[in-house]
Amino acid sequence: MRSILCCLVNASQSRITSYFQNLTLILLLNESTRIKMPGIGDDVPMYCSQQINIPPDLPDIMKQFTKSAIRTQPADVLQWSAAYFHALANGETPPVKERLEMPMATQKTDTGLTPGILSVLNRQLGPKKTISVDELEQKWKDNCLPKERMFSLIQIGSFGDEIDWRKFFALACSALAGNITSAMKVICEILTKDPEGGAARIPFDLFKELYTYLAQIDGEISEEQIEGVFTYLQYHVDKQNGAVQPRNFLHPDCPKLGLM
21 MRSILCCLVN
31 ASQSRITSYF
41 QNLTLILLLN
51 ESTRIKMPGI
61 GDDVPMYCSQ
71 QINIPPDLPD
81 IMKQFTKSAI
91 RTQPADVLQW
101 SAAYFHALAN
111 GETPPVKERL
121 EMPMATQKTD
131 TGLTPGILSV
141 LNRQLGPKKT
151 ISVDELEQKW
161 KDNCLPKERM
171 FSLIQIGSFG
181 DEIDWRKFFA
191 LACSALAGNI
201 TSAMKVICEI
211 LTKDPEGGAA
221 RIPFDLFKEL
231 YTYLAQIDGE
241 ISEEQIEGVF
251 TYLQYHVDKQ
261 NGAVQPRNFL
271 HPDCPKLGLM
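In structure tokens, the structure reads:
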């Protein structure tokens, strides 16, 4: 299995015109089956199907790869494919969205960020809690995101060589959503353990940590406003086993999370 995946990584990294044809050809070459198509008049042996060793796992691998590519819709298929097979070969989380998603109408500039991609990044980097710039840059590249946007977020967050993933994730959600209220909604929807379409609950302590951080980055949200939000939400949190959900802070009676 690993030799198949490593071969597919190499195929994805090369400059391929006919992607799937050459991908299969590279795989066959890796399995030590050299195929030479004879020209007219060439005195070369023909190979029968029994001599061509196609690994039995290949159909399932390619089937899953195709489904993943359709779901993820990567901007750069070759870059994404290399990252996909590299992750599988090394037992890592591949850059695959959980479902097909439509472009967000709220995204005013084409940063490439979507809730699906942020969810992928969180699955890949979230367990580490603290990551290096190099790790982030590699995963960012694997998901076909513009490098300029990543460095812009690093600058906004004043991160050094080591990056607190939760804080960077919150900033990325804010960049996607456009305002702090929508950002917290996206954060809840990605970090929740509830099923899709459910309440999107997250622990209140986590909500407070990320909301406070984004409010501090904003610089125009007062401590009184932050405390007012927490005081209002606490009533609902006490009834929800310590969790908060978007409908709580989107309710008209809840103090505004931001200035808008």
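Heads up, the sequence shown is in my numbering, so the first residue is 21 and it goes up one at a time.
Think of the CB as a built atom: it goes at the ideal place given N, C-alpha and C, for glycine as much as any other residue.
**Asked** Alpha carbon to alpha carbon, how far is Y231 from M204?
**Response** What you label residue 231 is simply residue 211 of the sequence shown in a count that begins at 1. What you label residue 204 is simply residue 184 of the sequence shown in a count that begins at 1. Spanning the two alpha carbons is a distance of roughly 7 Å.
**Prompt:** Is DSSP giving S202 helix, strand or coil here?
**Reply:** Taking the sequence shown and counting its residues from 1, one reaches residue 202 at position 182. In the structure shown, S202 sits in a helix (DSSP, three-state: H, G or I).
**Prompt:** Going by beta carbon distance, what residues of the same chain come within less than 8 Å of F250, once the five residues before and after it are set aside?
**Reply:** Counting from 1 along the sequence shown, the entry for residue 250 is found at position 230. Here the set comprises K228.
**Item:** Cβ shell of A103 (< 7 Å), same chain only, five flanking positions each side left out
**Value:** Start at 1 with the first residue of the sequence shown, and residue 103 comes out as number 83. Answer for A103: P115 and D162, listed in chain order.
**contact_flag[the segment 184-194, the segment 147-164] where n(CB pairs < 8 Å) is 3 or more** = Verdict: yes, contact present.
**Prompt:** Apart from the five residues just before and just after P94, which ones in its own chain have a Cβ nearer than 6 Å to its Cβ?
**Reply:** The residue you call residue 94 lines up with position 74 of the sequence shown. The beta carbon of P94 sits closer than 6 Å to those of W100 and C164, all from its chain and outside the five residues before and after it, given in chain order.
**Request:** Scan the segment 197-245 and note each continuous alpha helix (DSSP H) run of 4 residues or more that stays entirely inside, going in chain order.
**Result:** 200-211 and 224-238
**Message:** On the CB-based measure, 16 or more other CB atoms within 10 Å of its CB, does H271 come out buried or exposed?
**Reply:** Working through the sequence shown from its first residue, we reach residue 271 at position 251. Classified as exposed, H271 has fewer than 16 neighbouring CB atoms from the shown chains inside 10 Å of its CB.
**Prompt:** Near V206, what residues of its chain come up, given a Cβ to Cβ distance below 8 Å and the 5 sequence neighbours on each side ignored?
**Reply:** To locate residue 206, count along the sequence shown from 1; it is residue 186. Contacts found: P135, L138, C193, L196 and A197.
**Request:** Return the chain-ordered list of same chain residues with a C-beta closer than 6 Å to the C-beta of W160, the five sequence neighbours on each side being excluded.
**Result:** The count along the sequence shown starts at 1 and reaches residue 160 at position 140. These residues qualify, in order along the chain: M170.
**Asked** Could you give the uninterrupted runs of the alpha helix (DSSP H) lying entirely in the segment 108-193, keeping only those of 4 residues or more?
**Response** 135-145, 153-162 and 167-176
**Message:** With a threshold of 8 Å on Cβ separation, who are the neighbours of A190 within its own chain once the five nearest residues in sequence on each side are excluded?
**Reply:** Counting from 1 along the sequence shown, the entry for residue 190 is found at position 170. Closer than 8 Å at the Cβ level, and outside the excluded window around A190, lie A203, I207, L230, Y233 and L234.
**Asked** Just the Cα atoms here: how many angstroms apart are T201 and F224?
**Response** Counting from one through the sequence shown, the residue named residue 201 turns up at place 181. Counting from one through the sequence shown, the residue named residue 224 turns up at place 204. Straight-line spacing of the CA atoms in T201 and F224 works out to 15 Å.
**Request:** Identify, in the order they occur along the chain, each residue of the same chain with its Cβ nearer than 6 Å to the Cβ of V264, setting aside the five sequence neighbours on each side.
**Result:** Translated into positions along the sequence shown, residue 264 becomes position 244. Once the five neighbours on either side are set aside, the close Cβ partners of V264 are F224, F227, L253 and V257.
**Item:** Exposure label - L211; buried when at least 16 CB within 10 Å
**Value:** The residue you call residue 211 lines up with position 191 of the sequence shown. The residue is buried, with at least 16 neighbouring Cβ atoms inside 10 Å.
**Message:** Between which residues of its own chain and T150 is the CB-CB distance below 8 Å, once the five residues before and five after are set aside?
**Reply:** Taking the first residue of the sequence shown as 1, we reach residue 150 at position 130. Taking T150 as the centre and dropping the five residues before and after it, the same chain places the C-beta of E182, I183, D184 and W185 closer than 8 Å to its C-beta, in chain order.
**Burial state of M141, where buried means 16 or more other Cβ atoms lie within 10 Å** = Translated into the one-based positions of the sequence shown, residue 141 becomes position 121. A small correction: the amino acid at residue 141 is Leu; Met does not occupy that position in the sequence shown. So L141 counts as buried.
**Asked** Using the C-alpha atoms, what's the distance from P147 back to E240?
**Response** The residue you call residue 240 lines up with position 220 of the sequence shown. The residue you call residue 147 lines up with position 127 of the sequence shown. Between E240 and P147, the C-alpha separation is close to 32 Å.
**Item:** Test item: CB-CB of T92 and K117 under 8 Å
**Value:** Numbered from 1 along the sequence shown, position 72 holds the residue referred to as residue 92. Numbered from 1 along the sequence shown, position 97 holds the residue referred to as residue 117. In contact: T92 and K117 (Cβ atoms closer than 8 Å).
**Request:** Go through its chain and collect everything with a Cβ distance to T113's Cβ below 7 Å, but skip five positions before and after it.
**Result:** By one-based count along the sequence shown, residue 113 stands at place 93. Excluding sequence neighbours, T113 sits near A107, R143 and Q144.
**Message:** For I246 and A220, what's the separation of their Cα atoms in angstroms?
**Reply:** Position 226 of the sequence shown, counted from the first residue, corresponds to residue 246. Position 200 of the sequence shown, counted from the first residue, corresponds to residue 220. Between I246 and A220, the C-alpha separation is close to 21 Å.
**Request:** Would you mind reading off the limits of the alpha helix (DSSP H) that contains I90?
**Result:** Taking the sequence shown and counting its residues from 1, one reaches residue 90 at position 70. Note, I90: alpha helix (DSSP H), L78 to T92.
**Request:** Return the Cβ separation of D238 and G177 in integer angstroms, given the expectation that the two are a contact with Cβ distance under 8 Å.
**Result:** Here residue 238 is taken as the residue at index 218 of the sequence shown, counted from 1. Here residue 177 is taken as the residue at index 157 of the sequence shown, counted from 1. Not really, about 12 Å apart at Cβ, beyond 8 Å.
**Message:** I need the DSSP call for L48, collapsed to helix, strand or coil.
**Reply:** One-based indexing of the sequence shown puts residue 48 at position 28. Model confidence at L48 stands at a pLDDT of 43, short of 50, so the residue's coordinates are unreliable; what they give is reported in the following sentence. In the structure shown, L48 sits in a helix (DSSP, three-state: H, G or I).
**Asked** Out of curiosity, what's the CA-to-CA distance linking L120 and I90?
**Response** Residue 120 sits at position 100 when you count from the first residue of the sequence shown. Residue 90 sits at position 70 when you count from the first residue of the sequence shown. Cα to Cα, L120 sits roughly 7 Å from I90.
**Asked** Going along the chain, which residues of its own chain have a beta-carbon closer than 6 Å to the beta-carbon of C274, five neighbours each way excluded?
**Response** The residue given as residue 274 occupies position 254 in the sequence shown. Taken in chain order, the residues that qualify are Y252.
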